[in-house]
Amino acid sequence: MADIIQLLPDSVANQIAAGEVIQRPASVVKELVENAIDAGATQIKVNIKDAGRTLIQIIDNGCGMSDTDARMAFERHATSKIRTANDIFAIHTMGFRGEALASIAAIAEVELRTREHDQDLGTFIHISGSNIITQEPVSCDAGTNFQIKNLFFNVPARRKFLKSNPAELKHIINEIQRIALANPDISISLHHNGSVIYELNGANKRVRIVSIFGKNINQNLIPIDTETSLVKLTGFIGQPKHARKTFGEQFFFVNKRYMKHPFFHKAIMQAFEKILPPDTIPSYFIYFDLNPADIDVNIHPTKTEIKFENESAIWQILQASVREALGKFNIVPSIDFDQAGSVDIPMPLHDFNKVTIPEIKVNPSYNPFETQAPQKSYSGSKTSFSPRTEQRSAPTNWQTLYKGLESDLTSAPEPQEDEPVQFKIEEQQTVKNSVQFKNKYILTPVKSGLMVIDQKRAHERILYERLMQVLENNEVASQQQLFPETFELNASDATLLTSILPDLRALGFDIRDFGKNSFIINGTPGVLNTSSPIEIIEGLLEEYKNSPVNLQEKARETVAVSLAQASAIPYGQTLKPGEINELIDNLFACQTPNFSPKGKKVLSIMPLEDFEKLLK
Ligand code: ADP
Ligand code: MG
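Numbers in this note's numbering are just positions in the sequence shown, counted from 1, shifted up by 78.
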């Protein structure tokens, strides 16, 4: 019988392996920037075109490569970083499988220009789909310059799998963020389609964090500095009041490498327990330095999870350090001496028999973070709305909820069976009996029982329908700001905002890109009637980032949903009776009052029978 087993040609093997290492443009950026750092670069420039689809260029001032090394670098398992198996346990460099360049060369066009510092001439190599097209001497700068063009040109399935440009760019920005935070001493720049996203000069950790996340974060950073025989911990945690509802400013680094560590994340969450506003996650930037032999070597270059030898001990150290830092900054609730009159100092007494023990009165219900969620009145809300029910016809079946209610609750005459029941009248009668509960729900009696309305979701629904109406009817009404406000965002939020600016304009926002991640707001949507547009834009971006809706196809709708969520009256806000009225009134004027724009229930009815059962 003829032999049937064949060795795969290298190019095919490389292409298969490439799938493991290179999933998207951001993976190329990560591998090449890490190589530059391993090569001792102090300056790295990253130029991207079309979110990496057409070009990824990385220029470094590292050691460069000789002509033989330049050629060798593209071979599978070619690495200058491991000589013996033992080296694996002492590895400090970033990647160490010698696979990245081979993988990239298999699925793209690669042009490499590299020169060692003591050489006059450098080397130029052009590879396409693992085939060497050219190798020749070239005069170029010392260091290395990689250009990766037409990524996945020969792997259509991969190319199809790529997300929209903003989404892919976001991945690239995230990788650069991680590397830049892990290596604050290295200067890194990132340009996309010719415009600057980052221009980061070598600095200390704090300056690096501030230059990435904006100057507002500065006063919120609390330093961490702990050294034990097992591990050295440095970095910062954010103040509880700076905590956000979404992830984005949580970073662990181990030996200058970004890692994910859900277990250590828990240690931090526990240290912050009870001092965070509800459902928020504190920022943290924590650097672990320890003997590489004490961590399980992460053989897979794309993996970010790392296993520690002494995990539970480090867990304890981490938690203690965070607690201590919070304590030092008086963040952890302790006896509150600031409250006037809380300390009773005994008066000097003539009658020593009457001496009493000094007493410290502590208000047990005092919560230092209460100011986070002040019980604002509805009118002090970020947005308010004027009743516009007249523009809408009431939905058909709502009145049945209230039918006959009046007779249940008051002695007014019952409407005739065949008499059309006026929605508006019914509702107002009901509203009189509506109350707010826990500053979160509105309870309103209906004929069949008790209706519970979620105040925030109800307002989201109302705002959403108004915004959609603006979009559908093209009836943009912008309310001009008396004093245009400027604001600055971090780079990734700035790119996101830029990408949705046209949709925001269609909704009535007049926002202009000022360059360098700053913007100016000249006008806001008339339907929102907002007093704090910047807060709303920030909330909108948070919501938008977490939206599962397909961003490409339904971008506008997603913007409207996010905007409604960001502008809705929050939980914890006290509503005046008139405001409760208005809310119910407007909710029932919606086309889909039962569900929030994200599909969550706005209301539910607890049937009368259930009350009877309760009291049996
Ligand atoms: P690894 O990083 O695991 O060694 P790579 O495929 O990423 O594998 O790189 C292969 C080799 O190419 C590296 O070991 C290094 O010697 C060389 N190399 C890659 N990038 C650079 C660079 N920017 N400067 C100098 N040498 C580089
Ligand atoms: Mg590498």
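For glycine and all other residues, C-beta sits at the position ideal for the given N, C-alpha and C.
query: Taking all protein chains shown into account, do 16 or more other C-beta atoms lie within 10 angstroms of the C-beta of F592, making it buried, or fewer, making it exposed?
result: Burial is judged here by how many other beta carbons sit within 10 angstroms of a residue's own beta carbon; F592 has fewer than 16 and is exposed.
message: Which same chain residues end up closer than 7 Å to A646 when comparing Cβ atoms and leaving out the 5 residues on each side of it in sequence?
response: Here the set comprises K534, H537, E538, L541.
- prompt: Relative to the C-alpha of N600, which residue among S577, F565, D581, K594 is closest?
  reply: Comparing Cα-Cα distances from N600 to each of S577, F565, D581, K594, the minimum goes to F565.
- prompt: What residue from P103, T146, T636 has the CA that sits closest to T132's CA?
  reply: Looking at P103, T146, T636, the one whose alpha-carbon comes closest to that of T132 is P103.
- request: Taking only the alpha-carbon atoms, compute the straight-line gap between N441 and K518 and give it to the nearest angstrom.
  value: Because the pLDDT of N441 is 49, which lies under 50, any placement of that residue in the model is unreliable, and the number read from its coordinates should be weighed accordingly. Their Cα atoms are separated by approximately 26 Å.
- request: Inspect the beta-carbon positions of S361 and E402 and report whether they are closer than 7 Å.
  value: Result no, Cβ atoms of S361 and E402 do not sit closer than 7 Å.
- prompt: Which residues mark the beginning and the end of the beta strand (DSSP E) in which T564 is found?
  reply: For T564, the uninterrupted beta strand (DSSP E) run begins and ends at 556 to 566, by DSSP.
query: Can you name the start and end residues of the beta strand (DSSP E) that M337 belongs to?
result: Where M337 is concerned, the enclosing beta strand (DSSP E) stretches over 335 to 337.
- request: Going by CA-CA distance only, name the one from I531, I122, N282 that's closest to K679.
  value: Closest option to K679, Cα to Cα, is I531.
message: Between T222 and A114, how many whole angstroms is the CB-CB distance? I'm expecting something under 8 Å.
response: Confirmed, about 7 Å.
field: C-beta atoms of M546 and A638 nearer than 7 Å
entry: Yes, they are a contact pair.
query: Of all the options A644, I346, K406, P340, which has the alpha carbon lying nearest to the alpha carbon of K386?
result: The sequence shown places Phe at residue 386, rather than the Lys named in the question. Of A644, I346, K406, P340, the residue nearest in Cα terms is P340.
- prompt: Who are the near neighbours of H155 in its chain, counting only those whose CB is closer than 6 Å to its CB and skipping five residues on each side?
  reply: Closer than 6 Å at the Cβ level, and outside the excluded window around H155, lie G176.
message: Quick check: the Cα distance between P355 and P318, rounded to an integer number of angstroms?
response: Going from the Cα of P355 to the Cα of P318 covers about 7 Å.
- prompt: Would you say N223 touches the ligand ADP, meaning its beta carbon is less than 6 Å from a heavy atom?
  reply: Annotation for N223 indicates a beta carbon at 6 Å or more from all heavy atoms of the ligand ADP.
- prompt: How big is the Cα-Cα spacing for Q121 and N261?
  reply: Going from the Cα of Q121 to the Cα of N261 covers about 11 Å.
task: Could you check if L692 is buried or exposed, using at least 16 other CB atoms within 10 Å of its CB as the buried criterion?
output: Burial call: exposed.
message: Three or more C-beta pairs under 8 Å: does that hold for the region 292 to 300 against the region 332 to 347?
response: In the pairwise beta carbon analysis, the region 292 to 300 is classified as not touching the region 332 to 347: fewer than three pairs are separated by under 8 Å.
- request: Tell me whether G656 is buried or exposed, calling it buried when 16 or more other Cβ atoms sit within 10 Å of its Cβ.
  value: Under this definition G656 is an exposed residue.
query: Do you know how far the Cα of G313 is from the Cα of V524?
result: Rounded to the nearest angstrom, the gap between the Cα atoms of V524 and G313 is 56 Å.
- prompt: Does the ligand ADP have even one heavy atom less than 6 Å from the beta-carbon of T157?
  reply: Yes, Cβ of T157 sits closer than 6 Å to a heavy atom of the ligand ADP.
message: Can you check which of these residues, F331, T304, V332, N568, is closest to Q394 by C-alpha distance?
response: For Q394, the nearest C-alpha among the options comes from T304.
message: Does K108 pass the burial test, meaning 16 or more other C-beta atoms within 10 Å, or should it be called exposed?
response: Under this definition K108 is a buried residue.
field: Nearest neighbour of I392, chosen from F366, G617, A371, F407 [CA to CA]
entry: Taking only the C-alpha atoms, the option nearest I392 is F366.
field: Cβ-heavy atom distance, L133 to the ligand ADP, below 6 Å
entry: For L133, the shortest separation between its Cβ and any heavy atom of the ligand ADP does not lie below 6 Å.
Cβ-Cβ separation, S144 to E189 (assumed contact under 8 Å), whole Å: Approximately 18 Å separates the beta-carbon atoms of E189 and S144; this is outside 8 Å, ruling out the contact.
- request: Return the chain-ordered list of same chain residues with a C-beta closer than 7 Å to the C-beta of E214, the five sequence neighbours on each side being excluded.
  value: The residues F202, in chain order, have a CB closer than 7 Å to that of E214 in the same chain once the five nearest residues on each side in sequence are set aside.
- prompt: Would you say A178 touches the ligand MG, meaning its beta carbon is less than 6 Å from a heavy atom?
  reply: When distances are taken from the beta-carbon of A178 to the heavy atoms of the ligand MG, the shortest one is below 6 Å.
query: Excluding sequence positions up to five away, which residues of its chain have a Cβ less than 7 Å from the Cβ of D581?
result: Excluding five sequence positions before and after D581, the CB atoms of its chain that fall closer than 7 Å to its own CB belong to A633, R634, V637, given in chain order.
message: At a threshold of 6 Å, does N113 count as lining the ligand MG (C-beta to nearest heavy atom)?
response: Result yes, Cβ under 6 Å from the ligand MG.
task: Starting from the Cα of M347, find the closest Cα among L368, I315, I210 and give me that residue.
output: For the set L368, I315, I210, the Cα lying nearest the Cα of M347 is the one of I315.
- prompt: Does the ligand ADP have even one heavy atom less than 6 Å from the beta-carbon of G118?
  reply: Flag unset: Cβ of G118 not near the ligand ADP.
query: When DSSP builds the beta bridges, which residues end up paired with T304?
result: Beta-bridge annotation (DSSP): T304 is paired with L311.
query: In terms of alpha-carbon separation, which member of R236, F407, A151, D128 lies closest to I210?
result: Out of R236, F407, A151, D128, A151 has the C-alpha closest to the C-alpha of I210.
message: Taking the alpha-carbon of I359 as reference, which of I578, K283, F329 has the nearest alpha-carbon?
response: In terms of Cα proximity to I359, the closest of I578, K283, F329 is F329.
field: Y542 in three-state terms, based on DSSP
entry: Helix, per DSSP.
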